[in-house]
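Trainee: According to this note's numbering, the residues represented by the sequence shown are 2 to 411, in order.
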Amino acid sequence: MNRVLTQSELENFPALEWCDIAPRMSAEPCAAIERVLESLDSNSLTRDECLCLANTEGDDLLGLLAAANVLRRELAGNLVTYVVNRNINFTNICFVGCKFCAFSRGPRESDTYFLSPDEVAYKAVEAWEMGATEVCIQGGLPHGLPAFYYRDILRAVKRAVPRMHIHAFSPMEIVYGVELTGMKLQDYLLMLRDNGLDTLPGTAAEILDDDVRFVLSRNKLSTEQWKEVIRTAHGCGIRSTSTLMYGHVETPEHWVNQLLLLRQIQRETGGFTEFVPLGFVHHNTLLFHQGISRQGPTLAEHLKIHALARVLLAGAINNIQVSWVKLNRRLSQLCLHAGANDYGGTLMEENISREAGATAGQYTSPEDFQSLILEIGRIPAERNTTYTRISLKLRPDELIAEQALEPEFA
2 MNRVLTQSEL
12 ENFPALEWCD
22 IAPRMSAEPC
32 AAIERVLESL
42 DSNSLTRDEC
52 LCLANTEGDD
62 LLGLLAAANV
72 LRRELAGNLV
82 TYVVNRNINF
92 TNICFVGCKF
102 CAFSRGPRES
112 DTYFLSPDEV
122 AYKAVEAWEM
132 GATEVCIQGG
142 LPHGLPAFYY
152 RDILRAVKRA
162 VPRMHIHAFS
172 PMEIVYGVEL
182 TGMKLQDYLL
192 MLRDNGLDTL
202 PGTAAEILDD
212 DVRFVLSRNK
222 LSTEQWKEVI
232 RTAHGCGIRS
242 TSTLMYGHVE
252 TPEHWVNQLL
262 LLRQIQRETG
272 GFTEFVPLGF
282 VHHNTLLFHQ
292 GISRQGPTLA
302 EHLKIHALAR
312 VLLAGAINNI
322 QVSWVKLNRR
332 LSQLCLHAGA
342 NDYGGTLMEE
352 NISREAGATA
362 GQYTSPEDFQ
372 SLILEIGRIP
382 AERNTTYTRI
392 SLKLRPDELI
402 AEQALEPEFA
């Protein structure tokens with residue numbers, strides 16, 4: 002049995018090179034990783050090999066972390082990207098009742114709010130004037146929502162800021178919109194696309210296993226519904242992110258199942274722009290206070306899930322994002338050493354993780370991102386939502402040829 006790594010070993014793993022740690026690893030995880038490093042593609046991994054990697058400890062875990070950094074360099078270059086955006090949560094009223102959420106409110110609580118489409122548009126205008134290229138729009142699910150409210154938000158924002166990229170509405174919200182309008186899923190998504198929806202957040206995924214989902218939120222959409230929304234959206238030309246929430250009641254086997262599912266969908270549709278591991282913030286949640294979940298992710302879990310994603314998704318989804326709002330400054334940088342290549346968005350206002358007890362703040366400025374990225378010897382670059390436009394944030398004389406490897410974006 003592998004030893005458990007100390008916090009010091011985990012915090013100092015970036016000093017390790019793959020060639021130094023590989024001889025100390027067990028045969029099976031080392032061979033599996035070497036195959037991926039050689040091909041830059043995870044397709045040859047068996048499910049048993051993936052499970053082996055997900056359960057690594059000791060030197061095997063250090064090897065996974067070091068290999069993920071090598072893969073990151075080969076697949077995404079030495080850039081660390083970010084997008085200037087604003088989160089707009091249009092209401093905190095919600096009937097779903099997720100046990101991991103501390104953001105939602107009942108309709109009679111004193112601190113509820115609900116934004117009209119014009120109020121959402123006003124926030125988008127403010128964001129554009131502050132340099133944002135994207136608004137991420139999501140909210141609770143209140144009873145009695147006007148049937149075409151989501152469409153009306155899109156119209157209002159595009160009318161006010163025609164060039165703003167709208168990244169909006171989780172698969173749960175899409176299912177609710179279909180229910181409210183009585184439209185077919187494809188027709189509903191096409192209507193949203195034609196009224197300004199550019200991309201879809203791949204949230205509301207949590208763990209795509211219905212037994213786990215029943216524990217987390219028995220009223221949430223099912224795994225099959227999530228997959229149907231995502232595949233249909235991709236078929237309509239609406240790309241999306243992909244996510245996984247870790248650190249609650251799930252096991253490494255659930256991680257593997259979900260990553261393999263995302264890899265399969267990506268090979269079918271090519272519609273995912275990135276993968277975002279989302280650490281469970283436990284402090285103010287019923288899931289934790291009722292004794293159902295563990296106390297959020299350990300340091301080893303934070304690092305392992307980012308590295309595992311880099312290895313298992315290699316050649317399929319090559320952008321791995323850190324969710325900085327759920328991590329502290331140093332931990333976000335460590336995850337960038339463990340295979341991640343993107344810092345996500347500036348957000349400007351972040352409510353969901355903050356309400357759950359996260360302390361990383363609601364806004365990280367582009368300058369702060371640049372500083373964090375330069376501290377770890379990487380190149381900061383501002384991107385658009387779909388990674389098709391990249392702007393380096395270094396003077397040309399600060400670049401050296403080896404640093405400026407051309408990234409290949411999935």
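All C-beta atoms in this analysis are idealised placements derived from N, C-alpha and C, irrespective of residue type, glycine included.
All of these numbers come straight from a predicted model, not from anything done at the bench.
1. Starting from V162, trace the beta strand (DSSP E) both ways and give me its first and last residue.
2. For E356, which of helix, strand or coil comes out of DSSP?
3. Can you give me the start and stop residues for the alpha helix (DSSP H) that I266 sits inside?
4. Sort out for me which residues DSSP pairs R138 with in a bridge.
5. Which residue wins for smallest C-alpha separation from N90, given the options E120, L62, N70 and A77?
6. Would I306 and V81 be called neighbours here (beta carbons separated by less than 8 Å)?
7. Taking contact to mean at least 3 C-beta pairs separated by less than 8 Å, is the stretch 211-222 in contact with the stretch 269-286?
8. Measuring CB atoms only, is the stretch 279-298 touching the stretch 252-269, in the sense that at least three cross pairs come out at less than 8 Å?
9. For a minimum of 4 consecutive residues, which ranges assigned as the alpha helix (DSSP H) are wholly contained in the stretch 45-84?
10. Starting from V277 and walking both ways along the beta strand (DSSP E), at which residues does that stretch end?
11. L190 by DSSP, collapsed to three states: which one?
12. Could you please give me the residues that DSSP links to Y364 through a beta bridge?
13. Got a sec? Which residues, its chain only, sit under 8 Å from L17 by beta carbon, not counting five neighbours each side?
14. Rounding to the nearest angstrom, what Cα-Cα distance links N342 and C31 in this structure?
15. Quick check on E135: buried or exposed, where buried means 16 or more other Cβ atoms within 10 Å of its Cβ?
16. Note the first and the last residue of the continuous alpha helix (DSSP H) segment covering Y236.
17. Please report the residue range of the alpha helix (DSSP H) in which A301 lies.
Mentor: Result, derived from the coordinates:
1. For V162, no beta strand (DSSP E) segment is defined, and its DSSP state is neither H nor E.
2. Caution applies to E356, whose pLDDT of 47 falls short of 50 and renders its modelled position unreliable; the value that the coordinates give is listed next. Taken through DSSP and simplified to helix, strand or coil, E356 comes out as helix.
3. Counting along the chain, the alpha helix (DSSP H) containing I266 begins and ends at P253 to T270.
4. It should be noted that the sequence gives Ile, not Arg, for residue 138. Answer is I89 and A169, bridged to I138.
5. Of E120, L62, N70 and A77, the residue nearest in Cα terms is E120.
6. Not a contact, by the Cβ cut-off of 8 Å.
7. Three or more Cβ pairs closer than 8 Å define a contact, and the stretch 211-222 falls short of that threshold against the stretch 269-286.
8. Short answer: they don't touch.
9. For the stretch 45-84, the full-length alpha helix (DSSP H) segments reaching 4 residues or more read 48-55 and 59-77 along the chain.
10. It spans F273 to G280 - the beta strand (DSSP E) in which V277 sits, taken as one unbroken run.
11. In this structure, L190 counts as helix in the three-state DSSP scheme.
12. DSSP output for Y364 lists no bridge partner at all.
13. If you ignore the 5 residues before and after L17, its C-beta comes within less than 8 Å of the C-beta of L63, L66 and A67, all in its own chain and listed in chain order.
14. Across the structure, N342 and C31 are spaced so that their CA atoms are roughly 23 Å apart.
15. So E135 counts as buried.
16. Residue identity differs from the one stated: residue 236 is Gly in this sequence, not Tyr. Per DSSP, the continuous alpha helix (DSSP H) segment holding G236 begins and ends at T224 to G236.
17. A301 -> alpha helix (DSSP H) spans L300 to L313.
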